[in-house]
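K.L.:
Just passing along the structure, written as structure tokens.
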Amino acid sequence: MFREVSTKLDFPKIEESVLQFWRQNDIFRKSMRIREGNPEFVFLEGPPTANGRPGVHHILSRIMKDIICRYKTMNGYYVYRKAGWDTHGLPVEIEVEKELGISGKGEIERYGIERFVEKCKESVFRYEKEWRRMTERIGFWIDMDNPYITLTNDYIETLWWVLKKFWEAGLLYQGYKVVPYCPRCGTALSSHEVAQGYAEVEDPSVFVKMAVRGQPDTYFLVWTTTPWTLPSNVALTVHPKYDYVMVRHDGSKYIMAKDRID
């Protein structure tokens, strides 16, 4: 009555047969064509950088993206899915510097800025085939044949146009912000770039006594993990809701947090 189910299923083989069926019958584009004219849901992928091989974290993020697009498709939406390539940023430039055996802006200028830029353009699509293969293998449906690419003039001009519109609407302002800076690269760093080199290290901390003005032999006891900032300190603050006590030791009086006393 029922067809016997094998207990020795070859899941990779089954997946490959499904992918082949999708490929031969153009299922992805058919799923879009039959929904033309329906309410639209537009998905523009946050672009990966193709000068590095895809990793497990890329697979995880793409699965999550695909779930959303498939859910909208199943609800009848015409889901426009466009892939993209991020071709800017320090990772690309640093990789090319390593390949050329140079380091820093000065050596880039001596090598030739235009030549260096061309090398960067060649680098950004080095692993495109691996990205395409991974994308198809996990069943992520997205248009990789017509991607947006951040190095094209069309993309750059579009960003300038958007900024102009923000400016005309009074949505831009000039301000100041403290950001991480790389002296070797000569540029500010994003939080992501800083996190790439993150490592836990043991660092010295110090206890410092700061004299109370007008009260001889009276000090605040201060603890800091950044002793290199002490020469520039101009004031000491205390917490209005914490309790402080005065302790006598070797003829001097020390003010410290009550909770810090054993």
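Going by my numbering, the letters in the sequence shown line up with residues -3 to 258, in that order.
Beta carbons: idealized from backbone N, C-alpha and C, even for Gly.
No experiment lies behind these values; they were computed from the predicted model shown.
Name, in chain order, the residues that DSSP records as bridge partners for LYS161.
P.N.:
Locating residue 161 in the sequence shown gives position 165, where the first residue counts as 1. LYS161 is not bridged to any residue.
K.L.:
Just curious, the beta strand (DSSP E) that LEU40 is in, first and last residue?
P.N.:
Counting from one through the sequence shown, the residue named residue 40 turns up at place 44. First-last of the beta strand (DSSP E) with LEU40: 36 to 40.
K.L.:
To the nearest angstrom, how far is it from the Cα of TRP137 to the Cα of GLU189?
P.N.:
Against the sequence shown, residue 137 aligns to sequence position 141. Against the sequence shown, residue 189 aligns to sequence position 193. Roughly 29 Å between the two C-alpha positions.
K.L.:
Reducing DSSP to helix, strand and coil, say where THR183 ends up.
P.N.:
As a first step, residue 183 is located in the sequence shown; it is residue number 187 there, counting from the start. It is a strand residue.
K.L.:
Assign ARG111 to buried or exposed, taking buried as 16 or more other Cβ atoms, counted over all protein chains shown, within 10 Å of its Cβ.
P.N.:
Locating residue 111 in the sequence shown gives position 115, where the first residue counts as 1. Burial call: exposed.
K.L.:
DSSP three-state call for GLY102: helix, strand or coil?
P.N.:
As a position in the sequence shown, residue 102 is number 106, starting the count at 1. GLY102: helix per DSSP, three-state reduction.
K.L.:
CB ALA79 to CB PRO179, shorter than 8 Å?
P.N.:
Counted from its first residue, the sequence shown places residue 79 at position 83. Counted from its first residue, the sequence shown places residue 179 at position 183. Their beta carbons are not under 8 Å apart, which means ALA79 does not touch PRO179 by this criterion.
K.L.:
Distance, Cα to Cα, VAL241 vs VAL175?
P.N.:
The residue you call residue 241 lines up with position 245 of the sequence shown. The residue you call residue 175 lines up with position 179 of the sequence shown. Using only the alpha carbons, I get a separation of about 38 Å.
K.L.:
Note down the Cα distance separating PRO236 from ALA253, rounded to an integer number of angstroms.
P.N.:
Your numbering for residue 236 matches position 240 in the sequence shown. Your numbering for residue 253 matches position 257 in the sequence shown. So the two alpha carbons sit approximately 11 Å from each other.
K.L.:
Closest by CA to GLU132, which one among VAL14, THR3, GLY48, VAL1?
P.N.:
Taking the first residue of the sequence shown as position 1, residue 132 is located at position 136. Considering only alpha carbons, the answer is VAL14.
K.L.:
For LYS254, does the three-state DSSP call read helix, strand or coil?
P.N.:
Numbered from its first residue, the sequence shown carries residue 254 at position 258. Of the three classes helix, strand and coil, the one that applies to LYS254 here is helix, per DSSP.
K.L.:
Might you give, ordered along the chain, the residues of its own chain that have their beta carbon closer than 6 Å to the beta carbon of CYS65, omitting 5 neighbours on each side?
P.N.:
Translated into the one-based positions of the sequence shown, residue 65 becomes position 69. Within the same chain, CYS65 has close Cβ partners PHE39, VAL75, ARG77.
K.L.:
For SER187 and TYR194, I'd like the C-alpha separation in whole angstroms.
P.N.:
Position 191 of the sequence shown holds residue 187. Position 198 of the sequence shown holds residue 194. Straight-line Cα distance between these residues: approximately 11 Å.
K.L.:
Please report the straight-line C-alpha distance between GLY102 and LYS94, rounded to a whole angstrom.
P.N.:
By 1-based counting over the sequence shown, the position of residue 102 is 106. By 1-based counting over the sequence shown, the position of residue 94 is 98. Rounded to whole angstroms, GLY102 to LYS94 spans 15 Å at the Cα level.
K.L.:
Would you decide whether VAL92 is buried or exposed? Buried here means 16 or more other CB atoms lie within 10 Å of its CB.
P.N.:
Here the question's residue 92 lines up with position 96 in the sequence shown. Looking at its Cβ environment, which holds 16 or more other Cβ atoms inside 10 Å, VAL92 is buried.
K.L.:
Who are the near neighbours of GLU32 in its chain, counting only those whose CB is closer than 8 Å to its CB and skipping five residues on each side?
P.N.:
Counting from one through the sequence shown, the residue named residue 32 turns up at place 36. TYR74, listed in sequence order.
K.L.:
How would you write the range of the alpha helix (DSSP H) that PRO87 sits in, first residue to last?
P.N.:
Position 91 of the sequence shown, counted from the start, is the residue given in the question as residue 87. Where PRO87 is concerned, the enclosing alpha helix (DSSP H) stretches over 86 to 96.
K.L.:
Would you please state the rounded distance, in angstroms, between the beta carbons of GLU126 and ARG49? I believe it to be under 8 Å.
P.N.:
Counted from its first residue, the sequence shown places residue 126 at position 130. Counted from its first residue, the sequence shown places residue 49 at position 53. Contact holds; Cβ gap of about 6 Å.
K.L.:
Taking just the CA atoms, how far does GLY42 sit from ALA165?
P.N.:
Taking the sequence shown and counting its residues from 1, the one referred to as residue 165 is at position 169. Taking the sequence shown and counting its residues from 1, the one referred to as residue 42 is at position 46. The straight-line gap from Cα to Cα measures roughly 26 Å.
K.L.:
Take every Cβ of the region 52 to 63, pair it with every Cβ of the region 144 to 159, and state whether three or more of those distances are shorter than 8 Å.
P.N.:
no
K.L.:
When the distance is taken between beta carbons, is CYS181 closer than 8 Å to LEU96?
P.N.:
The residue given as residue 96 occupies position 100 in the sequence shown. The residue given as residue 181 occupies position 185 in the sequence shown. No.
K.L.:
Give a yes or no on whether the C-beta atoms belonging to ASP239 and THR146 are separated by under 8 Å.
P.N.:
In the sequence shown, counting from the first residue as 1, residue 239 sits at position 243. In the sequence shown, counting from the first residue as 1, residue 146 sits at position 150. Going by C-beta atoms, ASP239 is not nearer than 8 Å to THR146.
K.L.:
Only counting the same chain, and skipping five residues up and downstream in sequence, which positions put a Cβ closer than 7 Å to that of GLY72?
P.N.:
Indexing the sequence shown from 1 puts residue 72 at position 76. Taking GLY72 as the centre and dropping the five residues before and after it, the same chain places the C-beta of ARG31, ASN34 closer than 7 Å to its C-beta, in chain order.
K.L.:
According to the Cβ coordinates, are ILE251 and PHE203 closer than 8 Å?
P.N.:
Residue numbering aside, residue 251 sits at position 255 when the sequence shown is read from its first letter. Residue numbering aside, residue 203 sits at position 207 when the sequence shown is read from its first letter. The Cβ atoms of ILE251 and PHE203 lie no closer than 8 Å to each other.
K.L.:
Could you pull out every residue in the same chain whose Cβ sits closer than 8 Å to the Cβ of SER27, ignoring the five residues on either side in sequence?
P.N.:
For this step, residue 27 is matched to residue 31 along the sequence shown. Cβ within range, chain order: THR69, TRP137.
K.L.:
What residue range does the beta strand (DSSP E) around ARG244 cover?
P.N.:
By one-based count along the sequence shown, residue 244 stands at place 248. 240 to 245 is the extent of the beta strand (DSSP E) around ARG244.
K.L.:
Quick one: Cα of HIS245 to Cα of THR222, how far?
P.N.:
Looking up residue 245 in the sequence shown gives position 249. Looking up residue 222 in the sequence shown gives position 226. In a straight line, the C-alpha of HIS245 is about 26 Å away from that of THR222.
K.L.:
Does the beta-carbon distance from VAL88 to THR45 come in below 8 Å?
P.N.:
Reading the sequence shown from its first residue, position 92 is the one you call residue 88. Reading the sequence shown from its first residue, position 49 is the one you call residue 45. Taking a C-beta distance under 8 Å as the contact criterion, VAL88 and THR45 qualify as a contact pair.
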